[in-house]
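Residue numbers (the working numbering): 26 to 172. C-beta atoms are modelled at their ideal positions from N, C-alpha and C, and glycine is treated no differently. Just so it is clear, the structure is predicted and the values come from calculations on it, not from any experiment. Reviewing the structure listed below.
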């Protein structure tokens with residue numbers, strides 16, 4: 026198993042555990058506050074890691090165009106995506122909202138094809154559609170979806 030695959034699996038475990046903790050926290054606080062705290066923690070921890078591994082130069086060598094792309098990603102994925110996702114977790118619960126988020130690779134693959142010129146192989150495309158079928162199966166339980 027490659028290091029990249031192992032790291033992705035560890036990240037998946039972290040995201041899964043995070044969903045449960047966030048859902049519990051939202052019994053007491055709003056999804057907006059959760060996003061503020063999460064973004065603050067991410068900025069602080071990663072800032073410390075960047076400075077400790079690369080020094081202050083880590084922040085000085087970023088091109089303006091790359092910074093703009095990173096800012097758009099931060100606004101779309103981290104802030105907006107997490108805000109809507111946390112509202113979904115709060116209302117639908119982890120067992121319904123988390124699998125729906127699992128369809129994100131479909132959008133990532135489509136955007137990678139359109140904007141990055143990537144060409145996924147047949148197994149990747151088939152696997153992505155299997156994920157969509159799984160989400161569709163979960164959403165067919167109308168009693169859970171409509172509560």
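Distance, Cα to Cα, residue i vs residue j?
{"i": "residue 51", "j": "residue 59", "result": "8 Å"}
{"i": "residue 96", "j": "residue 161", "result": "32 Å"}
{"i": "residue 163", "j": "residue 124", "result": "8 Å"}
{"i": "residue 61", "j": "residue 67", "result": "10 Å"}
{"i": "residue 156", "j": "residue 128", "result": "6 Å"}
{"i": "residue 166", "j": "residue 100", "result": "32 Å"}
{"i": "residue 33", "j": "residue 149", "result": "16 Å"}
{"i": "residue 179", "j": "residue 121", "result": "Missing from the structure shown is residue 179; the chain here goes from 26 to 172 and no further."}
So for residue i, helix, strand or coil by DSSP?
{"i": "residue 88", "result": "coil"}
{"i": "residue 57", "result": "helix"}
{"i": "residue 144", "result": "coil"}
{"i": "residue 72", "result": "helix"}
{"i": "residue 80", "result": "coil"}
For residue i versus residue j, is the C-beta distance shorter than 8 Å?
{"i": "residue 56", "j": "residue 144", "result": "no"}
{"i": "residue 64", "j": "residue 103", "result": "yes"}
{"i": "residue 139", "j": "residue 48", "result": "no"}
Please report the residue range of the alpha helix (DSSP H) in which residue i lies.
{"i": "residue 44", "result": "28–50"}
{"i": "residue 120", "result": "119–126"}
Is there at least one non-hydrogen atom of the ligand GTP closer than 7 Å to the beta-carbon of residue i?
{"i": "residue 161", "result": "In the structure on display, the ligand GTP does not appear, and there are no ligands present to speak of."}
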